[in-house]
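Student: Here this note's numbering = 1-based position in the sequence shown + 21.
Beta carbons are placed, not taken as given, at the ideal position from N, Cα and C, and that holds for glycine.
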Amino acid sequence: MTTPPPAAAPGRTWTTSDFDFHLPPELIAQHPAPERSAARLLDGRGWPPADRIFRELPGLLEPGDLLVFNDTRVIKARLYGEKPTGGRLELLVERVLADGEVVAHMKVSKKPAPGTVLRMAPQADGQPAFTATLLGRWPEADGPLFRLRFSDDPYALMERHGHVPLPPYIEHPDTAEDEQRYQTVFARNPGAVAAPTAALHFDEAVLAALEARGVRRASVTLHVGAGTFQPVKGEDIRAHRMHREWYRIPPETLAALERTRRAGGRVLAVGTTTVRTLESWARSGATEGDTDLFITPGFDFRVVDLMVTNFHLPRSTLLMLVSAFAGYEHVMALYRHAVERRYRFFSYGDAMLLARAGCCGTPAA
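1) For Thr-36, name the three-state secondary structure that DSSP assigns.
2) For the beta strand (DSSP E) containing Ala-239, list its first residue and its last residue.
3) Consult DSSP for Met-179 and reduce its assignment to one of helix, strand or coil.
4) Quick one: what does DSSP say Val-296 is sitting in, helix, strand or coil?
5) Out of Leu-289, His-358, Ala-59, Val-89, which one is the CA nearest neighbour of Leu-374?
6) Rounded to whole angstroms, what is the Cα-Cα separation between Pro-384 and Ala-378?
7) Bridge partners of Phe-171, per DSSP?
8) Starting from the Cα of Thr-152, find the closest Cα among Met-141, Val-329, Ala-162, Arg-158 and give me that residue.
9) Bridge partners for His-126 per DSSP, in chain order?
10) For Ala-134 and Met-263, I'd like the C-alpha separation in whole angstroms.
11) Please report the Cβ distance between Val-124 and Arg-94, rounded to the nearest whole angstrom; I am assuming they are in contact, meaning their Cβ atoms lie under 8 Å.
12) Per DSSP, what are the beta-bridge partners of Ala-372 in this structure?
13) Check for me: the beta strand (DSSP E) holding Met-141 runs from which residue to which?
14) For the alpha helix (DSSP H) containing Phe-346, list its first residue and its last residue.
15) In whole angstroms, what separates the C-alpha of Lys-131 from that of Phe-90?
16) Alpha carbon to alpha carbon, how far is Thr-330 from Leu-87? Give it in angstroms, no decimals.
17) Among residues of its own chain, excluding the 5 on either side of Gln-144, which ones have a beta-carbon nearer than 7 Å to its beta-carbon?
18) Less than 9 Å between the C-beta atoms of Ile-49 and Phe-315, yes or no?
19) Would you identify the three-state DSSP class for His-222, choosing helix, strand or coil?
20) Measure the C-alpha to C-alpha separation of Arg-158 and Tyr-349 and round it to an integer number of angstroms.
21) Closer than 7 Å by C-beta to Ala-277: which residues in its own chain qualify, once you throw out the five before and the five after it? Chain order, please.
22) Taking the continuous beta strand (DSSP E) assigned at Thr-93, which residues delimit it?
23) Would a C-beta distance cut-off of 9 Å place Leu-340 and Phe-75 closer than the cut-off?
24) Count the other CB atoms within 10 Å of the CB of Pro-45; is the residue buried (16 or more) or exposed (fewer)?
25) Whole angstroms is fine: what's the gap from Pro-79's alpha carbon to Val-227's?
26) Count the other C-beta atoms from every protein chain shown that fall within 10 angstroms of the C-beta of Ala-233, then say buried if there are 16 or more, exposed otherwise.
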């Protein structure tokens, strides 16, 4: 396409089908690029877009810009075990609570009753490596998740016996490559069960080039939950119940945001999780807590000017977020371009650089 896509009609009522698109299955990346920064980068700030390589990103930014990363660390949250009857089960730990308790998704043929002691990570001799006592549902008595108490420190047990919680569309079992590459180079705060995938493309060479360019860096923490893969059910997106995720913005990041604004710089969020964190803070004033912010077209962005993001699933809340950010018609045109040019999609796929609609020289949505 050589002409810019039309703007969406004002006051439009959005449906889930508006965010559908055809994706050839072979474009779903099953493995990362050989080098982090060797992934492709679709520069979609304007029209027509430019096909680039991710390591070119520093040259597309200006001195005084601020990059904000999500420094969450993916935990080995997938655990296998069995009920006292011998029935097999799988836990996906969503959140670590106090006193050895966790909140988890459970995959099992028949749900056990509260008080059941689960035998986790059975060893060669048939004995469990540890136990998990089922306490009940979470966050309410009929909630969708399960609250359990592990027999030892959850983080230590997951590191020793857990598996990398690869997304459902990655079809191979986790490997040593996944343990390294499904983690950012600056991950430090454990708690995520899915990677902030836009940040997977950054390596030490790109970070050094950003610093040399005069681009500042700051971080937030949002522990990405499995709900990030939850499909939107039904056509009315207003009826969708967004999952909750814990976030924190440290004082030094707040100070960096203020300095950047005073100096006239731009804020670039690395990934949708960073966008949700910053925009949640802008609305609530809370620098720590849970967010269930659901961003759809018409949303008023108050902090973020630019964003780096991967390509997202059809009909997903993440595609709705980027459409709200850069303009629906523009984003859908970029996705068509990406399919035509054989970009790689989803967690291990390629990246895109976007500007907020009406910002930074881009047309209004």
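Tutor: Concretely, from the data shown:
1) In this structure, DSSP gives Thr-36 an extended state, which the three-state scheme calls strand.
2) Looking at the DSSP string, the run of the beta strand (DSSP E) that includes Ala-239 is 237–243.
3) DSSP places Met-179 within a helical segment (H, G or I) once states are collapsed to three.
4) Helix, per DSSP.
5) The candidate whose alpha carbon is nearest that of Leu-374 is Leu-289.
6) Residue placement at Pro-384 cannot be trusted, given a pLDDT of 49 that sits under 50; what the coordinates show is reported in the next sentence. Rounded to the nearest angstrom, the two C-alpha atoms are 6 Å apart.
7) Looking at the DSSP assignment, Phe-171 forms a beta bridge with Ala-153.
8) Cα-wise, what sits closest to Thr-152 is Met-141.
9) Its beta-bridge partners are Leu-113.
10) Approximately 28 Å, taken between the alpha carbons.
11) Your pair Val-124 and Arg-94 does not check out as a contact, with CB atoms roughly 18 Å apart and the cut at 8 Å.
12) Leu-62, Asn-331.
13) For Met-141, the enclosing beta strand (DSSP E) stretches over residues 138–143.
14) 338–347 is the extent of the alpha helix (DSSP H) around Phe-346.
15) If you take the alpha carbons of Lys-131 and Phe-90, they lie about 40 Å apart.
16) Inter-residue distance for Leu-87 and Thr-330 is about 16 Å (C-alpha atoms, whole angstroms).
17) Counting only Cβ-Cβ distances below 7 Å, and skipping sequence neighbours, we find Ala-150.
18) No, they are not a contact pair.
19) In this structure, His-222 counts as helix in the three-state DSSP scheme.
20) If I take the Cα positions, the gap works out to 38 Å.
21) Contacts found: Leu-87, Arg-237, Ala-239.
22) Counting along the chain, the beta strand (DSSP E) containing Thr-93 begins and ends at 93–95.
23) No, Cβ-Cβ distance for Leu-340 and Phe-75 is not below 9 Å.
24) Flag for Pro-45 reads exposed.
25) Going from the Cα of Pro-79 to the Cα of Val-227 covers about 7 Å.
26) By the Cβ neighbour-count rule, Ala-233 is exposed, with fewer than 16 other Cβ atoms within 10 Å of its own.
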